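Engineer: Residue numbers (the numbering used here): 39 to 183.
For glycine and all other residues, C-beta sits at the position ideal for the given N, C-alpha and C.
Being a predicted model, the structure only gives us computed values, none of them experimental.
Can you read through this structure? Questions will come right after.
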């Protein structure tokens with residue numbers, strides 16, 4: 039059974055990433071939410087919406103699976119796994135039609151049932167290797183989808 043904070047995160051991750059319902063970003067994130075990712079720092083739901091749109095355009099069939107959820111105080115951490123196919127430009131790399139399988143950890147800080155800070159940890163180096171058609175051995179770190 040998820041706590042209220044975990045339900046907010048689960049809804050955001052499932053609706054936005056698997057169902058492509060980006061409007062949830064504006065419900066879940068505060069207007070001045072601080073977003074930290076390998077692609078840089080940004081503020082607010084519009085910035086996150088723009089980044090998610092780029093992922094959806096590059097990997098339109100992306101599917102995300104939540105593997106573990108941890109909560110400590112007002113922070114929720116989620117280990118996740120994702121699969122998709124590179125069908126559009128991403129980080130300056132034209133579509134390769136290569137399948138990708140990546141994993142990461144996202145951490146969220148909530149206040150008054152809104153996400154006010156978000157950290158996304160993903161290994162973009164391994165993702166780039168996959169887009170080049172190179173095999174990446176993740177071992178047991180990623181669950182099959």
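Does the stretch 157-166 come into contact with the stretch 50-65, if we say contact requires no fewer than three beta-carbon pairs (one atom in each stretch) closer than 8 Å?
Structural biologist: Contact fails: fewer than three Cβ-Cβ distances are below 8 Å.
Engineer: Can you say whether residue 108 is buried or exposed, counting buried as having 16 or more other CB atoms within 10 angstroms of its CB?
Structural biologist: Sequence index remark: in the chain shown, residue 108 carries index 70 (1-based). Its Cβ having fewer than 16 others within 10 Å, residue 108 is exposed.
Engineer: If residue 169 sits next to residue 124, beta carbons under 8 Å apart, how far is it from one beta carbon to the other, in whole angstroms?
Structural biologist: Position 131 of the chain shown, counted from the start, is the residue given in the question as residue 169. Position 86 of the chain shown, counted from the start, is the residue given in the question as residue 124. Indeed, because the Cβ distance is near 5 Å, the residues count as touching under 8 Å.
Engineer: Taking Cβ positions, are residue 70 and residue 154 nearer each other than 9 Å?
Structural biologist: As a first step, residue 70 is located in the chain shown; it is residue number 32 there, counting from the start. As a first step, residue 154 is located in the chain shown; it is residue number 116 there, counting from the start. Against a cut-off of 9 Å, the Cβ pair of residue 154 and residue 70 comes out as a contact.
Engineer: I'd like to know whether the C-beta atoms of residue 64 and residue 87 end up nearer to each other than 9 Å.
Structural biologist: Start at 1 with the first residue of the chain shown, and residue 64 comes out as number 26. Start at 1 with the first residue of the chain shown, and residue 87 comes out as number 49. Contact flag set, yes.
Engineer: Just confirm the distance between the C-beta atoms of residue 118 and residue 103, as a whole number of angstroms; I'd bet it's less than 8 Å.
Structural biologist: Translated into the one-based positions of the chain shown, residue 118 becomes position 80. Translated into the one-based positions of the chain shown, residue 103 becomes position 65. Contact flag correct, Cβ pair sits at about 6 Å.
Engineer: Rounded to a whole number of angstroms, what is the C-alpha to C-alpha distance between residue 81 and residue 43?
Structural biologist: As a working note, residue 81 is residue 43 in the chain shown. As a working note, residue 43 is residue 5 in the chain shown. Distance between the alpha carbons of residue 81 and residue 43: 21 Å.
Engineer: Among the candidates 116, 45 and 53, whose CA atom is the shortest distance from the CA of residue 144?
Structural biologist: In the chain shown, the residue the question calls residue 144 occupies position 106. That would be 116, whose Cα lies nearest to the Cα of residue 144.
Engineer: Between the alpha carbons of residue 113 and residue 152, how many angstroms are there, rounded?
Structural biologist: One-based indexing of the chain shown puts residue 113 at position 75. One-based indexing of the chain shown puts residue 152 at position 114. Those two C-alpha atoms are separated by around 11 Å.
Engineer: Could you compute how far the alpha carbon of residue 106 sits from the alpha carbon of residue 132?
Structural biologist: Taking the first residue of the chain shown as 1, we reach residue 106 at position 68. Taking the first residue of the chain shown as 1, we reach residue 132 at position 94. Residue 106 and residue 132: Cα-Cα distance of roughly 33 Å.
Engineer: What is the C-beta distance between residue 100 and residue 126, in whole angstroms, given that I count them as a contact (C-beta under 8 Å)?
Structural biologist: By one-based count along the chain shown, residue 100 stands at place 62. By one-based count along the chain shown, residue 126 stands at place 88. Contact doesn't hold; Cβ gap of about 11 Å is too wide.
Engineer: Tell me the DSSP bridge mates of residue 134?
Structural biologist: Within the chain shown, residue 134 is the residue found at index 96, counting from 1. In DSSP, residue 134 forms no bridge with anything.
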